[in-house]
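Heads up: the structure comes next, in structure tokens.
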Amino acid sequence: YLGLPEWENIPFQIGNVFLVTAPNLSCHSITVAVGQGSSTPAQIKGYLYSFSILTGITATLIGTTEPIDLMPSMFNGYGDQILTNLNFATPIPVEAGTAYFVAVGSDQGVDNFVCALSGDAEDATALVRFEPNDWYYVDRKPMVRMNFGFFNSVEEKELATPSKLYPCPAQE
């Protein structure tokens, strides 16, 4: 997501609205795909808000992660799937039947942190907030997710002993 030039140094948050449907869950972390065009030095952090659009946009901050420094190894090129995890100090309980705005933001503005986008967003589910309180809809899904358990990353592992497939199509 690239904001307008007049917002280049304004703190902002971008994310998605999620409706929690299962009971007894806690948000452990927020995962984000940092997009092309991001730069260093800059920091990002995660935000969790309870959220409602019944009488305009109402968002109540529940928790934030510690800020982390952006590193070039976090930046996604076209087609990459590099995910950066932002952990809460303690998991935050979430309630079934409640909507949450899950966001990642930077105090350095859109000129330094670009959030990768993926696919078309449903109406009123993807938003960007420029401080102090300017909300705008985004028509593509920011790659920002909430995690209900521990998230270590997605990495390829090799088996200690090779597996065998029968029949082997390469030999038959």
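Everything in the sequence shown is counted per the working numbering, starting at -16 for the first residue and increasing by one. Quick reminder that beta carbons are idealized off the backbone N, C-alpha and C, glycines included.
Got a sec? Which residues, its chain only, sit under 6 Å from ARG128 by beta carbon, not counting five neighbours each side? Residues of the same chain with a CB within less than 6 Å of the CB of ARG128, apart from the 5 flanking positions on each side, are THR14 in chain order.
Inspect the beta-carbon positions of SER33 and THR73 and report whether they are closer than 8 Å. It is not a contact, given that the beta carbons lie outside the stated cut-off.
Can you list, in chain order, the residues of its chain with a C-beta nearer than 8 Å to that of SER51? Leave out the 5 residues immediately preceding and following it. One detail in the question is off: residue 51 reads as Ile in this sequence, not Ser. These residues qualify, in order along the chain: GLN26, ILE27, LYS28, THR67 and LEU69.
Give me the DSSP bridge partner(s) of PRO55. For PRO55, which the question treats as bridged, DSSP gives no partner whatsoever.
Bridge partners of LYS28, per DSSP? Under DSSP, LYS28 takes part in a beta bridge, and its partners are GLY88.
Helix, strand or coil for PRO(-12) per DSSP? Three-state result, PRO(-12): helix.
DSSP on TYR61, reduced to helix/strand/coil? Looking at TYR61 - three-state DSSP - the assignment turns out to be coil, as it is neither helix nor strand.
Quick check on DSSP: helix, strand or coil for GLY(-2)? Here GLY(-2) sits in strand by DSSP.
If we ignore side chains and look at the alpha-carbon of each, how far apart do PRO(-12) and PRO6 end up? Looking at the backbone, the Cα of PRO(-12) and that of PRO6 are separated by about 42 Å.
Would you kindly work out how many angstroms separate the C-alpha atoms of VAL3 and GLU78, rounded to a whole number? If you take the alpha carbons of VAL3 and GLU78, they lie about 7 Å apart.
Roughly how many angstroms lie between the CA atoms of GLY60 and MET54, to the nearest whole one? C-alpha of GLY60 to C-alpha of MET54: approximately 14 Å in a straight line.
With respect to the beta strand (DSSP E) encompassing GLY46, which residues constitute its N-terminal and C-terminal limits? Run containing GLY46: 41 to 47, per the beta strand (DSSP E) assignment.
What does DSSP give as the partner residue(s) for SER101 in the beta ladder? DSSP, once it has assigned bridges, lists no residue as partnering SER101.
Whose C-beta lies closer than 6 Å to the C-beta of ASP90 among residues of the same chain, with five residues either side of it excluded? The beta carbon of ASP90 sits closer than 6 Å to those of PRO(-6), all from its chain and outside the five residues before and after it, given in chain order.
Cut-off 8 Å between Cβ atoms - residues of its own chain near LEU8, not counting five sequence neighbours on either side: Excluding residues within five positions, the ones whose Cβ falls inside 8 Å are PRO76, VAL77, ALA79 and PHE131.
Of all the options ILE65, PHE113 and ALA99, which has the alpha carbon lying nearest to the alpha carbon of GLN19? Here the closest residue by C-alpha is ALA99.
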